[in-house]
Amino acid sequence: MTAPYSGGEFEFRDAELPSPGQSVELGESGAAMPAVEARNELPPPILEVSDEMMDQLKIWVDQWIKDLDNAQQDKMKQWAEFEKAYRAVQPQSLEFEPFKGSCRDVIPAVRMACDPIHARLDTGIFRQDTIISLKALRKDVKDLVPGLSKFIDFYLRRYINFRQIAAPRLMEFPKLGTMVFKTVYDREEVQILKYSEDRTKTEKGVDIRFAGPRIFGISRGDCLFPTTYQSVQDCPVFFERQRTTYERLLVLQKAGKIANVDKIRGQQTVGERTPLEEAREKANKNELRTTFTNEIVVYEGWCDYDIDNDGVPEHLVLTFEPTTRTFLQLRLNWYFHQRKPYSLAPYTVANETMDGVGVAERALPFQNAITTWQREATNNAMLANIRMFIARKGSGIEEVPRLYTGKTFFVDEPTKDFIPFAVADIYPSTLVERQNLFGMLEKDTGVTDYLTGRESPVIGSRATATSTLALIQEGTRRVEAVLDNVRQCFAEIVQNMISIWIQYGTNGLEDIIFEDDETAAQVKAFFASATQANVNGMFAIGLAVTEAASNKQAQQQMQLALIQVMMQYLEKMQQ
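According to our numbering, the sequence shown holds residues 885 to 1459 in order.
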């Protein structure tokens, strides 16, 4: 189910309206109907199918993984170059030494362009009073939406710390051009040894650490899918590469989430890294000096496959170990919404692909060119200030003279026996070339000096308030387009969270958070009336982030400019 964009918010109107008996109203005391009861959480780990169908499915999954992994290798190398460029890693090879002491500087133009975008997205989204804004679309839920909005904001901000989850993905967003999140139901139970109530003996118990919707940020390098689709839900397969250990898999098997772990015993291998991961480790200076041999790579897949040969593909969820071709999990999609749980946001939408075009892809050619000119200018300055000397043979001057202030050389004919000469002349045009390249970089990426909080040095003089405001507004147009993509991604995340609460219940979390407050009663009333069939027509989901055009400083500049214009007009009228 897709979400059409409408005026900055995403409205979900494609479901049937509820019957009158499904609506819930608060009584005089504020009491509401109890929340829905939790259903069975997970079906059996392995779906019962024939051996022939199981073999066909293994071949199909294994081929998809190999094809998608091979197709992603070129993108991996490109992403690795983006990471090196962002960190401005200096080359170590001798080919960059035309002479001893030559410049190896790398101008971090990619970082200059990515960091302002990341700062605006991070602070603009998470420093608001509420991260997500809800707008009621029906009268019967108008009084319930404020409580639901507070509940969701508390859950995102305090319960799961969504900012910490989203921070690495928001940093990856402008660099690689795409960020990916996964929203699933998770119940974490841990068997513990504790004291009895009278503290006289020990006993085993179960500690429920977490139960509810959980959001994971997935690195783009660990996502495998055919990129020729515009939507995750339209994509027939979506695989997530997961690195784990045999011990962790045993814990998951004991919790009933997977099975067949014994079949992959002994498949631990040396931890291999993708080119993207290797580039990050080297750029961060935290590359491991030792190798670990207990890692196991498995693939979690959400696929459309006809498992019963009825001509209609079913929605499958699987966990696959490719070396032994073992299914650790094979289930039908047990979520009522039947969607793939991944939410993807492109930085700049590209044609016929889910991957976006990021800032690093636009800025890297200019960084390479600016870096080349920077090295040429530095080398030119060094060579132009080097003075060497021509000395006649037998003049008495040693082969390597020691130079210092006041040094005197005694020769027969100074004009002929000891002649200084320069290696190169100074070329001031290199500064103009670098400024020109920075100007083209700003045009391509849309990250101007005004967007970074400083006045442009290219203008040469202080601009007026009106022209500065116009430049700021034009410079933020592309950032607002990026925010629209983030809005759609976060709206889909919240939609999946609400669907999970409808299916599994809130486990009384609203009472723990708000106790007897009216907000808890509104949350209970909402989930008592909401079903998977009618929730999409109840409200619209958006981000509470402010638009750049409504910035307070921008409004002050505009008001100041209008006042100055009116003062000049009135002065002329008085004259």
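Glycine included, every Cβ here is placed at the ideal spot set by N, Cα and C.
For Ser934, the number of other beta carbons within 10 angstroms of its own is below 16, and it is reported as exposed. Sequence-distant Cβ neighbours of Ala1265 in its own chain, meaning closer than 8 Å and more than five residues away, are Ile1310. Per the DSSP secondary-structure output, Lys942 pairs with nothing in a beta bridge.
For Gln1114, DSSP assigns no beta-bridge partner whatsoever. The Cβ atoms of Arg1223 and Tyr1183 lie no closer than 7 Å to each other. Nearest C-alpha to Glu1156 among Ile1180, Gly1140 and Asn1168: Ile1180.
The Cβ-Cβ distance between Val1307 and Ile1270 falls below 7 Å. In terms of CA proximity to Cys1119, Pro1197 leads the group Lys1147, Pro1197 and Pro1159. Distance from the Cα of Ser1017 is smallest, within the candidate group Trp944, Arg971 and Arg1371, for Arg1371. Per the coordinates, the alpha-carbon of Gly1105 lies some 24 Å from the alpha-carbon of Asp1070. Between Thr1111 and Arg1246, the gap from beta carbon to beta carbon reaches 7 Å or more. Non-local C-beta neighbours of Val1029 in its own chain, meaning closer than 6 Å and more than five positions away in sequence, comprise Leu1018, Ala1020 and Phe1423, ordered along the chain.
Residue environment analysis places Lys1277 among the exposed positions, since fewer than 16 neighbouring C-beta atoms fall within 10 angstroms of its C-beta. Counting only residues of its own chain and dropping the five nearest sequence neighbours on each side, Asp1188 has a CB closer than 7 Å to the CB of Pro1120, Pro1197 and His1199. The alpha-carbon separation between Ile1076 and Lys1141 amounts to approximately 19 Å. With fewer than 16 other beta carbons inside 10 angstroms of its own, Lys1138 counts as exposed. Secondary structure at Leu1028: coil, using DSSP grouped into helix, strand and coil.
Between Thr1062 and Gly1240, the gap from beta carbon to beta carbon is short of 7 Å. DSSP, reduced to helix, strand and coil, places Phe1273 within a strand of the structure shown. Following the DSSP letters along the chain, one finds Glu1162 in no beta strand (DSSP E) but inside the alpha helix (DSSP H) bounded by residues Pro1159 to Ala1167.
When the beta-carbon positions are compared, Val1407 and Leu1032 come within less than 7 Å of each other. Proximity to Arg1011 across Phe1046, Arg988 and Phe1211 peaks at Phe1046, based on C-alpha coordinates. For Lys1141, the secondary structure class from DSSP, reduced to helix, strand or coil, is coil.
Under DSSP, Met1063 forms a beta bridge with Ala1229. Of Asp1192, Asp1194, Val1201 and Asn1193, the smallest CA-CA separation from Trp1186 is found for Val1201.
Judged by beta-carbon spacing, Tyr1226 lies beyond the 7 Å limit of Phe1057, meaning their Cβ atoms are not closer than that value. For Arg1246, the enclosing alpha helix (DSSP H) starts and ends at Val1243 to Ala1268.
Between the alpha carbons of Phe1100 and Leu1228 lies a distance of about 12 Å.
Linking Ala972 to Glu1162 through their CA atoms gives a straight-line distance of about 15 Å. Secondary structure of Gly1421 (DSSP, three-state): helix.
Arg1215 sits close to Pro927, with the two beta carbons spaced by under 7 Å. For the pair Val1064 and Lys961, the Cα-to-Cα distance works out to about 19 Å. In the displayed model, Gly1426 falls within a strand according to three-state DSSP. Ranked by how close their Cα comes to the Cα of His1221, the residues Val1068, Ile1254, Lys1300 and Met937 have Val1068 in first place. Within the same chain, and ignoring the five residues on either side of Ser1383 in sequence, the residues whose Cβ sits closer than 6 Å to its Cβ are His1221. Check the Cα spacing between Phe1035 and each of Gln1459, Met1450, Leu1054 and Ala1404: the tightest is with Ala1404.
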